[in-house]
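J.: Residue numbers (the numbering used here), protein chains in the order written: chain A, 78 to 424; chain B, 78 to 424.
Protein chains: 2
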Amino acid sequence: MEPENSHPRRPTIKDVADRAGVTKATVSKYLNRAHGYAMASSTKERIRAAIQELNFQPSPLARGLSRSTTSTIGLVVADIRSQFYPDLVASIQSAAEAAGYTLVLGSSGDDPDRELDIIRSMAHRQVDGVVLVAVRSESDHIEYLRRRGIQIVLASRDLPELVADTVVVDSFAGARTAVRHLRELGHRRLAHVTGEASVKPFADRRRGFEVETADLTGDGPGLPVEVTTSTLEGGRAATHRLLDVSDPPTGVFFASDTMALGGLMACADLGLRVPDDVSFVGFDNVAVGELPGIGLTTIDSDAVRVGEQATELLLKRMLAATGTEAEPVLVTRPAELVVRTSAAPPR
Amino acid sequence: MEPENSHPRRPTIKDVADRAGVTKATVSKYLNRAHGYAMASSTKERIRAAIQELNFQPSPLARGLSRSTTSTIGLVVADIRSQFYPDLVASIQSAAEAAGYTLVLGSSGDDPDRELDIIRSMAHRQVDGVVLVAVRSESDHIEYLRRRGIQIVLASRDLPELVADTVVVDSFAGARTAVRHLRELGHRRLAHVTGEASVKPFADRRRGFEVETADLTGDGPGLPVEVTTSTLEGGRAATHRLLDVSDPPTGVFFASDTMALGGLMACADLGLRVPDDVSFVGFDNVAVGELPGIGLTTIDSDAVRVGEQATELLLKRMLAATGTEAEPVLVTRPAELVVRTSAAPPR
DNA sequence: CTGTTAGCGCTTTCAC
DNA sequence: GTGAAAGCGCTAACAG
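Structure below.
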């Protein structure tokens, strides 16, 4: 009849203190005041031994409560399901873990309101920092975090204004490279499939496309540009609209690989072959693009490095969090062309 | 010269109490004792109003400290980068979120020791439950959690013994279906590529392969079975070994789509065409298998439902956590064949 | 150098 | 029905 027959209580700082013949305070100092410092080495040694013998680890919860710091960072992505995130998430996760932080994951499903909810909930759980792959283009959620003293860094997607540290790839230059590649292959009838206009990298890629095709003209006033949701299905539908006409474009630049993969499906639907009938260039360099049977020519978004660098910046902010807020930093990484087989000279 | 110029303090339960003219204790009761119950409705109303006006939310940290419960669940996967996880992670994440839990993510990179570390760290952070896609085949980590009263459920990979609630797909039956499909197409020279022998689903799939091919014979004593790491590169290498011989098999059953994709790369390397030269059947039904140019015939692992059901089971355990431990439950979901284009009759 | 004393924000007996 | 008080495990002045 002993309800205390439950799980053995974990040792607390008090147990360590008793065993070492000192006070909690002293143990706490040992734990926090970065070892060196002023403390009798005999005491240090006794504490060390006690900790070791008891296999003591301070409770993150209790520590968090009194320090208002949790060794936790939040990662908010638009949609984990997307082809693009695995590398990004993996690199952030391991960088965070390496620094002793635990990752809390949220996926907004591309819904700006949910994104805000997730951010609120993370703030509420007192994460020390947030890596955000932003869906909403306003910066209210950023302000929300900043007001609460939570550091933030934007990864992969920048916002119209530089309101926080940001690590992205050079979308404008990358897009130009992509388009030039198509032009060098001899394509003149070009088209572009892009995602949500509010997402800055998409806007930049579109601008890149337009700049590099300013001298060309399509049926109407300019070359065709299809705006769609940045999903596989979006890309598929847009490509249908683009290609299922008389005299379709011979080269298409997609603002993301995911949409380009949708484009491949559309071609299968329409009985068109890539690159024989139409050439594709994507953007991101997702892993599947490399598979034979896909061979997607694309621009590398360098997700791994973006994730690593974003995490680095965040950790730096979190340490420096004291005192004057430094100006936001924008890191723009080069976006390189990866040539595979989906783009070839037109017939 | 005011260092207090920092971030505005969040309201605490004390603030609410003062504003409502009651004590913290009463507010706490209001918060926890599932509303109904014994409390003057005027008091209830005043508390409600105060909470509302102050926009108060109880601190999860403080609550966690005093209740030893954190509304947090840990998800440990073998390798987020793998093609297979996005659906699983996404479905677990949304099921958890829907139930008011926050997801803490860990990726072991297929390393059993890291897996244990991650689990220790999560236990230490006092997650209320863990969804585990296990790497190690022993059950020491499960015992570790159980000893600390942390609920656990295994998703996607079962262990040799039923030591915890488990949700998997029927690997043995699925494998038999896959092999029968190849046989019905007319293949007799069959081979199998499988992953780490210690992973039970792989063992089961292998058994399925063997049972369904017991009447067939290869060059040696039985049909060729290649064991490799369950990665793209593993599948690629194994396929090289398998096909780069005189008189190679005409049909290959892969224990995972990821390995099958590696197999496709190997074919590209060797100048073989699928399904003209060799037929492939995979296992899992990852999203990319659906792309034209891939068209992988496979067995559906139903990651979304597995994730959902695993989360359901876990939540149930977490609620029932009191009293007698119910026996572990094993949920085996059907594994259905998805016919695409990678398997066809042999020439 | 180490100990004393208050908290951090919430929950939970036990009285009234 | 509500309040007083102690405590969850740790940190952080301030003394001495």
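From the three backbone atoms N, C-alpha and C, an ideal C-beta is built for every residue, glycine too.
Can you tell me the Cα-Cα spacing of A/K91 and A/H84, whole angstroms?
T.: Looking at the two C-alpha atoms, the distance is approximately 19 angstroms.
J.: If you run the structure through DSSP and keep just helix, strand and coil, what is B/D190?
T.: Helix.
J.: Below 8 angstroms CB to CB, which residues in the same chain sit around A/V381 once its five sequence neighbours on both sides are set aside?
T.: D164, L165, A167, S168, listed in sequence order.
J.: Any contact of the region 325–342 of chain A with the region 306–315 of chain A, i.e. 3+ C-beta pairs under 8 angstroms?
T.: These segments touch.
J.: For B/S145 and B/Q203, which I take to be in contact (beta-carbon distance under 8 angstroms), what is that distance rounded to the nearest angstrom?
T.: The Cβ separation is near 6 angstroms, so the contact holds.
J.: Compare the C-beta of B/T418 against all C-beta atoms of chain A and say whether one is closer than 8 angstroms.
T.: No, B/T418 does not count as interfacial toward chain A.
J.: Buried or exposed: which applies to A/V383, given that a residue is buried once 16 or more other Cβ atoms fall within 10 Å of its Cβ?
T.: Buried: at least 16 other Cβ atoms inside 10 Å.
J.: Mind checking if B/L391 is an interface residue toward chain A, Cβ cutoff 8 angstroms exclusive?
T.: With 8 angstroms as the cut-off, B/L391 does not count as an interface residue toward chain A.
J.: What residue range is occupied by the uninterrupted alpha helix (DSSP H) comprising B/G359?
T.: Segment: none, B/G359 is in no alpha helix (DSSP H) and carries neither H nor E.
J.: Would you mind listing the beta strand (DSSP E) stretches within the region 276–307 of chain B that are 3+ residues and don't spill past its ends, in chain order?
T.: Counting whole runs of 3 or more residues, the region 276–307 of chain B contains the beta strand (DSSP E) stretches 302–304.
J.: Give me the chain B residues within the contact set of A/Q228, using Cβ-Cβ distance strictly less than 9 angstroms, ordered along the chain.
T.: Ordered by position in chain B, no residue passes the 9 angstroms Cβ test against A/Q228, which lies about 12 angstroms from the chain.
J.: Could you pull the DSSP bridge partners for A/F331 from this structure?
T.: A/F331 pairs with A/V270.
J.: Under 9 angstroms Cβ-Cβ, which residues of chain A neighbour B/G370?
T.: Under the 9 angstroms cutoff, chain A gives L341, A345, V351, L368, P369, G370, I371, G372.
J.: In angstroms, rounded to a whole number, what distance separates the CA positions of A/R410 and A/P326?
T.: Looking at the two C-alpha atoms, the distance is approximately 31 angstroms.
J.: Given this structure, state the Cα-to-Cα distance separating B/N362 from A/D292, to the nearest angstrom.
T.: For B/N362 and A/D292, the distance between alpha carbons rounds to 45 angstroms.
J.: Just checking: is the beta-carbon of A/S356 within a distance shorter than 8 angstroms of some beta-carbon in chain B?
T.: It does not: the Cβ of A/S356 has no partner Cβ on chain B nearer than 8 angstroms.
J.: Cβ of A/V154 less than 8 angstroms from any chain B Cβ?
T.: By this cut-off, A/V154 is not an interface position.
J.: I want to see whether chain A comes within less than 8 angstroms of B/E81, judged by CB atoms only; does it?
T.: Reliability fails at B/E81, whose pLDDT of 35 lies under 50, so the model's placement of it is uncertain and no value is given.
J.: Would you say the region 86–104 of chain A touches the region 126–142 of chain A, given that touching needs at least three Cβ pairs under 8 angstroms?
T.: Counting Cβ pairs under 8 angstroms, three or more are found: they touch.
J.: Is the region 211–218 of chain A touching the region 208–226 of chain B in the sense that three or more CB pairs, one from each, lie closer than 8 angstroms?
T.: Touching, no, given that fewer than three Cβ pairs across the two stretches are closer than 8 angstroms.
J.: Can you tell me the Cα-Cα spacing of A/E273 and A/K393, whole angstroms?
T.: The straight-line gap from Cα to Cα measures roughly 32 angstroms.
J.: Bridge partners of A/Q228, per DSSP?
T.: DSSP, once it has assigned bridges, lists A/G206 as partnering A/Q228.
J.: Indicate the three-state DSSP secondary structure (helix, strand or coil) for B/I90 in the structure shown.
T.: Note: B/I90 maps to helix in three-state DSSP.
J.: Taking Cβ positions only, does A/G311 come closer than 8 angstroms to chain B?
T.: Answer no: the Cβ-Cβ gap between A/G311 and chain B never drops below 8 angstroms.
J.: Beta-carbon separation of A/T271 and A/V246 under 8 angstroms?
T.: Not a contact, by the Cβ cut-off of 8 angstroms.
J.: Ordered along the chain, which non-local residues of its own chain (more than five positions away) have a Cβ less than 6 angstroms from that of B/F286?
T.: Only A252, V256, H269, F330 meet the Cβ criterion.
J.: Can you tell me where the alpha helix (DSSP H) with B/T388 in it begins and where it stops?
T.: Residues 380–397.
J.: Given a cut-off of 8 angstroms, decide if A/V208 and A/L391 are closer than it, judged by their beta-carbon atoms.
T.: In contact: A/L391 and A/V208 (Cβ atoms closer than 8 angstroms).
J.: If we define contact as Cβ-Cβ less than 8 angstroms, is A/D164 a contact residue for chain B?
T.: At least one chain B Cβ lies under 8 angstroms of A/D164.
J.: Beta-carbon separation of A/T308 and A/D334 under 8 angstroms?
T.: No, these two residues do not count as a Cβ contact at 8 angstroms.
J.: For the alpha helix (DSSP H) containing B/L165, list its first residue and its last residue.
T.: Per DSSP, B/L165 belongs to the alpha helix (DSSP H) from 162–175.
J.: Shorter than 8 angstroms from the beta carbon of A/A84 to some beta carbon of chain B?
T.: Here residue 84 of chain A turns out to be His, not Ala, going by the sequence shown. Output row for A/H84: interface = yes.
J.: Could you have a look at A/V246 and say whether DSSP puts it in helix, strand or coil?
T.: Strand at A/V246.
J.: Buried or exposed for A/D156, going by 16 or more other Cβ atoms inside 10 Å?
T.: Classification of A/D156: buried, given that the 10 Å Cβ count is 16 or more.
J.: Please check the pair B/A412 and B/T254, which I expect to be a contact at CB under 8 angstroms, by giving their CB distance rounded to whole angstroms.
T.: Sure, about 7 angstroms apart at Cβ, within 8 angstroms.
J.: Between which residues of its own chain and B/N82 is the CB-CB distance below 6 angstroms, once the five residues before and five after are set aside?
T.: The predicted position of B/N82 is uncertain, since its pLDDT is 43 and thus under 50; a value taken from the coordinates is nonetheless stated next. None.
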